[in-house]
Structures are given as C-alpha cells and as structure tokens.
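The block underneath contains the structure these notes are about, expressed in structure tokens.
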Amino acid sequence: GDMRDKNLLRQLFSEFEIDAVIHFAGLKSVGESVNNPIKYWEFNLGSTLCLMKIMQKFCCNCLVFSSSATIYDSSINKRIEENSKIKPINSYGNTKLAIETLIKDIFLSSKSLWKMANLRYFNPIGAHESGLIGEDPKGEPNNIFPLILRVASKKINKLEIFGNDWPTHDGTGIRDYIHVEDLAEGHIKALDFLFKNQSQIINLNLGTGLGTSVLELIRTFEKVTNIEIPFAYSPRRIGDSPSVVADNSLAKEILGWNPKKNIADMCNDGWKWQSYNPNGY
Ligand code: UFG
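Residues 11 to 291 (the numbering used here) make up the sequence shown, in order.
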C-alpha cells in the first residue's frame, strides 16, 4: 500500500494490534531527488506525517526509522560519529533530516511516551544469503553495487568509476559498505533495545566502520565470482566525497550489535541473488 493513504493506515492499525513500527518506506535516488524535490518531499515527508498521526491516534509509541548517513557533512575527514556535523546536500538528504526533526519534535512533545530510534545507514549492499531476497531497482540504478551486478550479468558493457584522483590510497572513492543482513539485524536489536528501555530518542550509525574503495570492491567481486568487471575512469561525480565511513561504536555498545559479514560475503550473496533472478522479481 501507499503510506500516504490515511484510510489504509487507519484500517491496518484497527485490524492489528501494532506495538511498534519499523519505517522503511521512502524514495531514495539522490539524482532524482535533485530534479524532482516536490516528489521527494511529498512522498517521504507526507508518508511519515500520515504514519505519525495514526501512531499517535492508536497509542503506538515505538518507532525505528530508516535514516541515512547522507544527512552528515560528507567533507568530514574521519570516521563519522552520531554527533558529527549534519549537512545534507541534496533533496533526498534534506527529507531524511526533516523526518528526523519531525520525529524529535514529536518525542519532545511527550518525552515520557515515545521510544524512537533513527538508524543512519551507510552503504547497504548484497542480498539475503539464500539468494531469494534482493534489490530489484526500477529503471537504471545509479548506486555502485547494482551497477556491478548489471556489468557482471552483461546487461551493460562496463562500469564507470567516478574519479581516480581522490585523496585515497588508490585514488577511488571509499565507502562503508554493509551487508543488508547485518543492517536488518540492527533493526531487530534496535527494536529490542527500545522495548526493554525507558522512553527516549536515539540516533545510531549502522555501518561496519571499515572503508572499501571502488577498486577494492570491484576486485573482491571479481575474485569471489570469477567474473571480470570491465571499467573505465570518468570524472568525479558532482556531490561525491572521497571517503564516508561510520564510527559504529555507539550502535555496538548500546545494541550489542556487531556486523559479521565482509565485502566477500556481500559480493557473493549479491551475485547469488542476481544469478537466481536475472530479471528481478
Ligand atoms: N561510483 C562509481 N560509479 C558509479 C556509481 C558509484 O564510481 O557508477 C562510486 C561513487 O563515486 C562512490 C561509490 O561508488 O565513491 C559509492 O557510490 P553510490 O552511488 O553507490 O553510493 P553513495 O555513497 O554515493 O550514496 C549512498 C546512497 C545514498 C546514501 C549514502 C549514505 O546512494 O542514498 O550512500 O552515505 F545516503
């Protein structure tokens, strides 16, 4: 269903006894958000407003929200902490920050009632290890991992690497890739934590704390799958930064969460999904 549909939400909350909500729904293409900000504000903010109204009405006071590392100032040159500078640079990031602000305002209006967690994702990739659940992008993807999968399955000829002149060890951009299963486990742990503790609002980084360059990601993918990924260098992409890596110590400490899967697992499981489902769902 569409989360902006108040009647649908009312019906769901009437029919089921809902104790908590994990709010994943949202549009997430950075480029599209810059070209169509109204759509992003309408979908991302509109749906959350609808949800929060219904949660309040039905006294459902526990929320885990899918936020994003994109809200941070990406020019920060060290591991990003939860209290690092916030400075989104595109409409997508602005909507994620606005939702966090909305959630905080709601918390402050009734501090003894709400239990809320903003989970700030770094770069989730991979698929469920069964190969049965994975990402099926609509239209042309612009994130690196689905593009690697398209090159591997010969749907496109080569990968464009945006810049080999970044101030990193091999000149390509560094990101904190996290296996989607570790990310999913972070949500369950966050929910458990909220259920067991006093009302509060917390912000948590979900990343591995490890940086991987574009070249390292490609090389690992090639090694794990035995498939060559042809690539060419092109100029830096506007708005990109050299390195974005999480300080994940707070999530580890508070949730007792520990991401277990490495880049090879992410590549292996992502490729399993792609080869079992060459045309998506
Ligand atoms: N890259 C390429 N070629 C491509 C696509 C990406 O070289 O065709 C590079 C980028 O320059 C960057 C890295 O691969 O160095 C990762 O790029 P992605 O587009 O996959 O991811 P981003 O880090 O740019 O952004 C992602 C999500 C955002 C999220 C952000 C959090 O797309 O939604 O991580 O930091 F907010």
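Ideal Cβ positions, reconstructed from N, Cα and C, are used throughout, including at glycine. Quantities reported herein were computed from a predicted structural model and do not represent experimental measurements.
Burial state of residue i (16 or more Cβ within 10 Å)
i	result
Lys106	buried
Ile248	exposed
Glu27	exposed
Asp175	exposed
Pro252	buried
Thr182	buried
Lys271	buried
Glu110	buried
Three-state class that DSSP yields for residue i in the structure shown
i	result
Glu170	strand
Phe241	strand
Asn207	coil
Ser39	coil
Val255	coil
Ile228	helix
Ser223	strand
His294	Examination of residue 294 is not possible in this model, given that the chain is present from 11 through 291 alone.
Contacts around residue i, its chain only, beta-carbon distance under 7 angstroms, and the 5 residues preceding and following it disregarded
i	result
Ala35	Met13, Ser57
Ala261	Gly196, Leu214, Asn215, Leu216, Trp267
Phe203	Ile264, Leu265
Cys60	Met13, Arg14, Lys16, Leu19
Ile239	Ile158, Val161, Ala162, Leu169, Ile228, Phe231, Glu232
Met276	Ile135, Gly136, Tyr187, His189
Gln210	Lys125
Ser84	Ser251, Val254
Pro47	Ser101
Counterpart residues of residue i in DSSP-defined beta bridges
i	result
Asn128	Phe75, Asn213
Val31	Leu73
Asn133	Tyr187
Tyr82	Ile96
Ser285	Partner(s): none; Ser285 has no beta bridge.
Ile371	The shown model of the chain, from 11 to 291, leaves out residue 371, and the question about it has no answer.
Whole-number beta carbon distance between residue j and residue i, since they are thought to touch under 8 angstroms
i	j	result
Asp257	Arg130	Not a contact, Cβ separation roughly 11 angstroms.
Ala127	Val74	5 angstroms
Asp192	Leu225	No, Asp192 and Leu225 are not in contact; Cβ-Cβ is about 23 angstroms, not under 8 angstroms.
Proximity test, residue i beta-carbon vs the ligand GDP heavy atom, cut-off 7 angstroms
i	result
Val224	Of the ligands this structure carries, namely the ligand UFG, none is the ligand GDP.
Neighbourhood of residue i by C-beta distance below 8 angstroms, restricted to the same chain and skipping five residues each side
i	result
Ser39	Tyr102, Asn152
Pro288	Ser163
Asn207	Lys125
Residues near residue i in its chain [Cβ-Cβ closer than 6 angstroms; skip 5 each side]
i	result
Trp281	Thr235
Asp279	Gly136, Ala137, Glu139
Val31	Leu73
Lys95	Asp83
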